[in-house]
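Asker: Attaching a single structure in structure tokens format; questions to follow.
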Amino acid sequence: MNWATQNGIINGINGALYPQDSTTRSQMATILMRFDALNK
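Quick look at the structure:
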């Protein structure tokens with residue numbers, strides 16, 4: 001999570017991360033798009 005936060009892939013909700021919560025389809029799509037953009 002540290003790496004993903006430092007690289008702007010995840011931001012949390014209002015700056016807070018809740019790793020025990022489920023990820024929505026929309027959130028996962030955003031994560032994958034940001035990861036893909038980072039690797040180009």
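Quick note, in UniProt numbering, the sequence shown goes up one by one and the last residue is 40.
Beta carbons: idealized from backbone N, C-alpha and C, even for Gly.
So, at 7 Å on beta carbons, what are the nonlocal neighbours of Arg34 in its own chain, with the 5 sequence-adjacent residues on each side left out?
Answerer: Cβ within range, chain order: Gly8 and Ile9.
Asker: With a cut-off of 8 Å on the beta carbons, I'd call Met28 and Leu17 a contact; round off their distance for me.
Answerer: About 15 Å separates the two Cβ atoms, so there is no contact after all.
Asker: Gly15 to Thr5, Cα distance in whole Å?
Answerer: Rounded to whole angstroms, Gly15 to Thr5 spans 10 Å at the Cα level.
Asker: State the DSSP-derived secondary structure class of Ile31, mapped to helix, strand or coil.
Answerer: In this structure, Ile31 counts as helix in the three-state DSSP scheme.
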